[in-house]
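Below is one structure, written out as C-alpha cells; the observations come after it.
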C-alpha cells in the first residue's frame, strides 16, 4: 500500500473517531441528562465531568473500531484509536 493512501486512511479514521466520539457524547447527554454538549459546554467543563462525558462518548468508537477491523481497514482503525488518544489528552488539559 502506498504511503499516501495509508496517510489518507489514517486521517479518515481520525475524523471518523472524532465525529463518533462527539456523537456518542451528545447522545449520552441528551438521553440520560438534561444537558446539551454544545450549549452547556462551560458547565460540563467547570463541574469536572468532561472526562467522564468524553469516556462515555468514546464507547461508540468500539463499534466503529470493530467494524473497521472486520473490513480489513487497519489504517482507518488506527486512526480511530488515535482519535481516542487525542481526546483523552485533550480532556486532561481542558
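Numbering (this note's numbering), first residue to last: 15 to 108. Glycine included, C-beta positions come from ideal geometry on N, C-alpha and C.
- Between the alpha carbons of residue 106 and residue 65 lies a gap of roughly 7 angstroms.
- Here the alpha carbons of residue 95 and residue 76 stand approximately 9 angstroms from one another.
- Taking C-beta atoms as the reference points, residue 104 and residue 71 fail to come closer than 7 angstroms.
- Here residue 28 is buried. Its C-beta has 16 or more other C-beta atoms within 10 Å.
- When the five nearest sequence neighbours on each side are left out, the beta carbons in the same chain lying within less than 8 angstroms of the beta carbon of residue 35 are those of 68, 71, 72, 74, 75, 97, 98 and 101, in order along the chain.
- Between residue 89 and residue 43, the CB-CB gap reaches or exceeds 7 angstroms.
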